[in-house]
Amino acid sequence: MIPSDVDGRPHVRALVPDYQFSLAIGKEGQNVRLAADLTGAKIDIPPESLLDGE
1 MIPSDVDGRP HVRALVPDYQ FSLAIGKEGQ NVRLAADLTG AKIDIPPESL
51 LDGE
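Residue numbers for the sequence shown, in the UniProt record's numbering: 1 to 54.
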């Protein structure tokens, strides 16, 4: 996770393997939205395959 502050809220990038990407996001974004609501953070979950070039 990479914490930073965006718009007064923490900003976190969660790194998950491609095969668990849909599970992390959840149906219609339900899992990541719930995690964001509970933590008060903005959460980005980019697919691992997109990060290979970084």
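Backbone N, C-alpha and C define an ideal beta-carbon position, used for all residues, glycine too.
Can you check whether the CB of residue j is closer than 7 Å to the CB of residue i?
{"i": "ASP18", "j": "PRO47", "result": "yes"}
{"i": "ALA41", "j": "ARG9", "result": "yes"}
{"i": "ILE45", "j": "VAL12", "result": "no"}
In three-state DSSP terms, what is residue i?
{"i": "ASP18", "result": "helix"}
{"i": "GLY26", "result": "coil"}
{"i": "ASP37", "result": "helix"}
Based on DSSP bridge pairs, tell me the residues matched to residue i.
{"i": "ILE43", "result": "VAL12"}
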